[in-house]
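Remember, the working numbering sits 70 above the position in the sequence shown when you count from 1.
I have placed the structure first, in the form of structure tokens, so that the comments after it can refer back to it.
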Amino acid sequence: MYATERQQEILTRARLDGRVEVKDLADALDVTPETVRRDLTALERRGVLRRVHGGAIPVERLGIEPAIADREGRMAGQKERIAKAALDELPDGGAIILDAGTTTIRLAELLPTDRELTVVTHALPIAMLLASRPTITLHLLGGTVRGRTLAAVGPWAERSMADVYADVTFLGTNGLTVQRGLTTPDLAEAGVKRALVAAARRTVVLADHTKVGRSDFAQVAPLSAIDTLVTDSELEPDLADEIEAAGPRVVRA
């Protein structure tokens, strides 16, 4: 078993059981405790586990939602590939909605300059990136700005979306499962995300493979409401097939 496969197995066990122990993992995976500790350290650096004495706990069990600055460097290569693949989902012109998140920020950076686009966003970092682009007509939603995501949330932002109908919403997510669909740790964020889905003809979710199999506190939408998932090539083919059976097309970048 390769290190990436072993680490995915450890993460799956942690999310199912709520905690993993070094000794139990070493026995189950037929590796040394030192190998398990290295794997736990790697998973902690990715922000998906928190090391505790003798083992580790998944971050969602601790109620931790990493701040956007803490997430920017994680899975950078995968996010780059996802954002580039998402460019194929852009309309030739017209209007798009960009959700808050590190992968959607990367997509905003890559938006082509050879076509005119109307962009609606509630994310301050995306607004700052696009405000001076001559080919972009930018609409920034108001609301209460969450420090963790630097995104406007709340009734004001949701009401503003009722006046919008765009070609595509590019949506981020904290968790994605076949059973619960898209989820996020915060109810206010979930409310705005639902409004973003409702405000476009198509919804394209941008999520690296570590988000798949994770389920957070607040539900956003079932997979049947999503048109396309753009993820990375490390998502297992069997999981991709399960997701496609639930509704969305899966693009593995």
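The C-beta atom is built at its ideal place from N, Cα and C for all residues, glycine as well.
Report task. Could you tell me the distance, in whole angstroms, from the CA atom of alanine 139 to the CA atom of leucine 220? Result -> For alanine 139, the predicted model reports a pLDDT of 47, less than 50, meaning its position is unreliable and no value from the coordinates is stated.
Query raised in the report: What is the DSSP secondary structure of histidine 279, counted as helix, strand or coil?
Result: helix
Report task. Identify whether isoleucine 313 lies in helix, strand or coil by the three-state DSSP scheme. Result -> helix
Query raised in the report: Would you report the Cα separation of aspartate 311 and leucine 299, rounded to the nearest angstrom?
Result: 12 Å
Query raised in the report: For arginine 216, does the three-state DSSP call read helix, strand or coil?
Result: strand
**Report entry** Residue environment, lysine 93, which counts as buried when at least 16 other CB atoms sit within 10 Å
**Finding:** exposed
Query raised in the report: How is the beta strand (DSSP E) around isoleucine 206 delimited, first residue to last?
Result: 206-210
Query - Under the three-state DSSP convention, the category proline 128 falls into - result: strand
Query raised in the report: Are three or more beta carbon pairs between the segment 71-86 and the segment 106-116 nearer than 8 Å?
Result: yes
Query raised in the report: Which word fits glycine 171, buried or exposed, when buried means at least 16 other C-beta atoms lie within 10 angstroms of its C-beta?
Result: buried
Report task. For my contact list, glycine 251 and valine 290 are in at a C-beta cut-off of 8 Å; report their separation, rounded to the angstrom. Result -> 7 Å
Report task. Please state whether DSSP places isoleucine 338 in a helix, a strand or coil. Result -> Absent from the structure is residue 338, since the part of the chain shown begins at 71 and ends at 323.
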